[in-house]
DNA sequence: GATGAATGAGGATTCATTCAT
DNA sequence: AATGAATGAATCCTCATTCAT
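Protein chains in written order, with our numbering: chain L, 406 to 622; chain G, 406 to 622; chain U, 406 to 622; chain R, 406 to 622.
See the structure below:
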C-alpha cells in the first residue's frame with residue numbers, strides 16, 4: 406500500500422465528524438443491546454473521543470442521543486418511500502423493494518425500530534404514522550378497488566402484518582440464522598425473502614384467493 | 406375451577422410462593438422494559454419480599470431469573486401446541502386459535518419472546534426449534550400436498566413470517582393501539598386479529614392464489 | 406479396590422463430626438485467605454453441611470469459629486513443646502525438631518498464626534506468651550550460662566527472631582517455592598530447613614560458631 | 406528539608422493529588438487489615454474525595470489499587486538497595502541499615518509485603534527476585550569467600566531467613582509490643598533491633614562468632 | 001442437629017451527568 | 001470542541017446472622 410493510499414484511508418476512514426461517529430456508534434449499540442443495555446461509556450468507546458464529557462457537547466443526554474439515532478434512521482426510510490400515489494400493487498412492490506434494499510444494508514435500523522416498538526414506541530407513533538401512511542394508504546387504495554377482500558376494520562391488522570413481515574425479518578436476523586440455516590442477510594437469503602414478501606403480499610391482496618368476506622358470513 | 410375457587414385464591418392475600426411472585430414480577434417487568442431495563446430492586450418491589458437478598462435465595466442471578474421466566478412462558482406455549490399430527494389447514498387453524506387465546510391473555514410472553522429474539526435469542530433457539538417444529542412441520546405437510554405453492558427453500562421464510570405475524574401483534578400491542586385505534590387486546594380487536602390471521606394463512610397456503618412457482622420462471 | 410475397602414474409605418473419610426469438618430475447612434480457608442477473605446458460605450461449602458444455618462449450631466459466629474480454629478492449632482503446638490526444663494541447646498534443638506515436624510505437616514497453622522500476628526495478634530498474646538515462654542526461658546537459661554553473648558534487653562529480639570525464622574518458612578511456603586526453587590514442603594527442602602535452623606540457632610547461641618560444614622559430615 | 410518547609414507542607418491542607426491520597430490511604434489500610442479487610446468505602450473515607458466513584462477515575466479496580474500501593478512500596482525499597490557491588494559484610498550491613506531506616510518509618514510497607522507473601526505472593530515474585538537478588542548475591546559473594554560455612558543449597562534458606570528477620574520485626578510490631586514490652590517502633594527498640602540484626606548476621610556469616618558483648622563496648 | 005427462607009447492611013463497580021480548564 | 005476529574009445515585013450481588021420448622 407502506498408503512503409498516499411494509507412493517507413487516503415486515514416483521511417477517509419475517521420474524519421467523520423464527532424457527531425456522526427457518535428450517531429453511528431449509538432445506532433449500532435442501541436440496535437444490538439437496546440436503550441438500557443448501552444452506556445454512554447460504551448458509545449464513547451466506539452468513537453475517537455476520549456472522554457464521556459465530550460459526548461455531552463453534541464447531545465444533551467442519553468435520551469436525546471437515542472432519539473437522534475432513531476430519527477436519522479426513520480428519516481432515511483421515509484425518504485425512500487416518499488413519492489407515492491397510485492396505490493397499485495406494483496407500487497407496493499416498489500416500496501417493498503426499496504425497504505428490503507435499505508434494511509438489508511442497515512439491519513440495525515430494523516432492530517432499532519422493533520426495539521422502540523416493544524418499548525411502547527411513543528417515539529415511533531408520529532414517525533410510524535407518517536411512514537406507514539404511504540404503505541397503508543396505498544394498501545387502502547389498492548384495496549379500495551379490491552374491497553371485496555378485506556373488511557375496512559381489518560385493514561389496520563393487515564398494515565401491521567406487513568410491517569411485521571418486512572421489518573421483523575431483518576430485525577431478527579441473528580435468531581433466524583438458526584432457523585433459516587444460512588446468514589439471513591447474505592445476498593441469496595435476502596433475495597429469497599424479497600420474493601417471499603412479494604408473493605405473500607400478492608396473495609394477501611389478490612382477489613383470486615377465496616374472498617375474505619365469505620369467512621364472515 | 407369454580408368461581409368460588411378463583412375468588413378464594415384472589416382472596417388469600419398472595420399465598421403464591423415467593424418463587425412464583427418473583428417469576429410473575431419478572432415476567433411483567435422484563436416484558437415491559439427488557440432485561441437491562443429492569444433492576445433486581447424493581448422486581449423485589451413487585452413482591453412481598455422485603456429484601457433483594459431474598460431473591461437470590463431463589464435465583465442465582467439476574468440472568469438465571471430471566472431464563473426461568475422465559476422458560477416458564479415457552480413451556481406454557483409448547484404445552485398448548487403439543488399434540489398434532491395431520492398437518493391439515495384445520496390443524497394449523499387450531500394452533501393459531503390456541504396461540505391467540507394464550508397470547509391475548511399473556512401478551513407479556515409475546516413481548517418477552519420478541520425481546521429475547523432481538524437480543525440474539527440464543528436462549529430461544531432450542532425452544533424455538535421445538536416450538537416451531539409443529540407449526541413448521543404442519544406447514545410442511547400441508548404444503549407437501551400443496552408444494553406447488555412454495556419452493557422448499559422458501560418455507561423457512563414462511564415459517565418466520567407466521568411467527569412474526571402471530572407474536573408480533575401481541576408483542577406490539579402498545580404501539581398498535583395508535584395504529585389500530587382501539588385497545589388491540591380488547592375482545593373485539595383480538596377476534597378481528599384472529600380472523601385476519603386465519604384469512605391470511607388461508608391465503609398464504611391456498612392453491613387458489615396465483616402459484617408461487619410462476620414467479621420464479 | 407474391593408467393596409469393603411471402598412466402604413472403609415467412605416466410612417473413614419467423612420464420618421468426622423460436623424464440628425470437625427467445620428474446623429478443618431475453617432483452618433484451611435482462613436490460613437489461605439485470611440479472616441476477612443473467607444465467608445461462612447465458603448466454609449460450609451467445604452463441608453457436608455448443606456446450609457449455613459447449620460454452622461451456627463456449632464459456633465456462635467464467625468469470630469468464634471476463627472478463634473476455635475486458631476486455638477486448636479495453638480494447642481497442638483503447645484502440647485508438643487510442653488515438657489521442658491533444662492534449657493540446654495539440645496533441648497532447644499529438640500523443640501525445633503518437633504516444631505518443624507508439626508509445621509511441615511500443618512503449614513496451614515503457620516500461615517494462620519502469621520496472619521493473626523499481622524492482624525495485631527491480640528488473640529495470640531495469651532497463647533504466644535505461654536508458647537514462647539518455653540523457647541524463651543530455655544533460651545534464657547541457655548543464655549544464663551552464656552550471657553556473654555546477648556544483652557538481656559536483646560533477648561526478646563532474639564526470641565522474636567527465632568519465631569520468625571521457624572514459622573516464617575512454613576507460612577510463606579508458597580512464595581518461597583520461587584525463591585527456593587523446589588517445593589519448600591517437600592521432604593528434602595524440609596530437612597534442609599531443619600539443618601539450617603539448627604545451624605543458625607547454634608551460631609546465634611554459641612560462643613564459637615562452629616563451621617556449618619562440620620555438621621554435615 | 407527545613408522545619409519551615411515541612412510545616413508549609415503540613416499547612417497546605419492536603420495539596421497531595423487525589424491519586425496520592427488514595428495510595429496513602431490504601432497503603433495504611435491494606436497494611437493494617439489486608440486486602441479483603443478493606444473496603445473501597447474505607448479508603449475513600451481516608452481521603453478528601455467525597456465519593457467512591459471518584460476512586461475509579463484513578464484505579465480501575467481494587468486489585469489494581471492494591472498492586473499500585475504494593476509496587477510503590479517495593480520501588481522505594483528497591484531504590485534504597487540499588488547500588489551494590491562488593492559483597493562484603495560491611496555492604497550487607499549498609500543495606501541492613503538502609504532497610505531498617507526505611508521500614509522503621511514505613512512499617513506499613515513491611516506489613517503489606519508480609520501479607521502479600523502470605524497470600525501466595527505472586528505479585529511479589531518478580532519484585533522479590535529483583536529485590537532479594539542484591540541481598541542474596543551480596544550474601545553469595547560474602548559467602549563465596551566464606552563458603553566453608555554454608556552449603557550452596559542452604560543459601561536460599563539463609564536468604565529467606567534474613568528476609569524474615571528483617572521484615573518480620575517491623576511487620577509484627579503490634580504483636581511484638583506485648584513480647585518486647587515497649588513500642589517496637591520507638592527509637593530505642595529500633596536501634597536495638599538494628600544491633601541485633603547486625604550481630605545475628607555477623608554470626609550467621611562469620612567463621613568465628615565474636616561475642617556479642619564486645620560489640621557494645 | 002439440620003435446613004430452607006428471610007433479611008439489613010454492605011460489598012465492588014458502573015451509571016449519567018456536570019464543571020473547570 | 002474536547003478533556004480530566006468529580007459526584008450522587010444506582011447497579012448486581014454477597015455478607016453474617018436469625019428464625020420457624
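Yeah, the Cβ is synthetic: ideal placement off N, Cα and C, and Gly gets one too.
At a beta-carbon threshold of 7 Å, none of the residues of chain R lie near residue 457 of chain U; the nearest stands roughly 19 Å away. Judged by their CB atoms, residue 505 of chain U and residue 595 of chain U are nearer to each other than the 8 Å cut-off. Flagged as an interface residue toward chain G: residue 561 of chain L, by a C-beta distance shorter than 8 Å.
Contact check for residue 576 of chain G against residue 519 of chain G passes: the beta carbons are separated by less than 8 Å. Scanning its chain for C-beta atoms nearer than 7 Å, with the 5 sequence neighbours on each side dropped, one finds around residue 428 of chain G the residues 473, 474 and 477, in chain order. Listed in chain order, the alpha helix (DSSP H) runs fully inside the segment 435–500 of chain U are 445–450, 457–460 and 467–486, counting runs of at least 4 residues. Comparing alpha-carbon positions, the option among G:431, G:498 and G:450 lying closest to residue 467 of chain G turns out to be G:431. What residue 609 of chain L touches in chain G, judged by beta-carbon distance under 7 Å, is 605 and 608, going in chain order. Rounded to whole angstroms, the gap between the alpha carbons of residue 605 of chain U and residue 498 of chain U is 11 Å.
For residue 509 of chain R, the closest C-alpha among the options R:609, R:555, R:599 and R:562 is that of R:599. The beta carbon of residue 442 of chain R sits closer than 8 Å to some beta carbon of chain U.
By the Cβ neighbour-count rule, residue 526 of chain L is buried, with 16 or more other Cβ atoms within 10 Å of its own. Setting aside the 5 residues that flank it on each side, residue 588 of chain G is surrounded in the same chain by 582 and 594, each with a C-beta closer than 7 Å to its C-beta; the list follows chain order. Selection G:590, G:437, G:597 and G:483 evaluated against residue 556 of chain L yields G:597 as nearest (Cα-Cα). Within chain L, the residues 523 have their CB atoms less than 7 Å from the CB of residue 576 of chain G, given in chain order. Residue 580 of chain G has a beta carbon lying within less than 8 Å of a beta carbon in chain L. Proximity of residue 497 of chain L to chain G, defined by a Cβ-Cβ separation below 8 Å, is not satisfied. For residue 514 of chain L, the enclosing alpha helix (DSSP H) begins and ends at 512–523. In this structure, the beta-carbon distance from residue 448 of chain L to residue 482 of chain L does not fall below 8 Å. Closest in C-alpha terms to residue 484 of chain L, from the list L:469, L:465 and L:507, comes L:507. If the five residues before and after residue 566 of chain U are omitted, its C-beta is found closer than 8 Å to the C-beta atoms of 609, all from its own chain and listed in chain order.
Here residue 435 of chain U has 443, 471, 474 and 517 as same chain residues with Cβ atoms under 7 Å from its own Cβ, once five neighbours each way along the sequence are excluded. In this model, residue 533 of chain R and residue 530 of chain G are separated by some 52 Å (Cα to Cα). At least one C-beta of chain U is nearer than 8 Å to the C-beta of residue 601 of chain R.
DSSP, read as helix, strand or coil, puts residue 587 of chain U in coil. For residue 577 of chain R, the secondary structure class from DSSP, reduced to helix, strand or coil, is coil. Distance check between residue 440 of chain G and each of G:522, G:463, G:459 and G:486 places G:522 closest, using alpha-carbon atoms only.
For residue 433 of chain U, no CB of chain R lies under 8 Å from its own CB, so it is not counted at the interface with that chain.
Ranked by Cα distance from residue 558 of chain L, the first of G:601, G:495 and G:423 is G:601. Within the model, the alpha-carbon separation for residue 495 of chain G versus residue 607 of chain G is close to 10 Å. Considering only L:438, L:423, L:611 and L:425, the residue with the shortest C-alpha distance to residue 524 of chain L is L:438. Our two residues, residue 422 of chain G and residue 462 of chain L, have alpha carbons roughly 50 Å apart in a direct line. The C-beta of residue 486 of chain G comes no closer than 8 Å to any C-beta of chain L.
In the structure shown, residue 420 of chain L falls within a coil segment according to DSSP collapsed to helix, strand and coil. Taking C-beta separations shorter than 6 Å and ignoring five residues to either side along the sequence, the partners of residue 571 of chain L in its chain run 504, following chain order.
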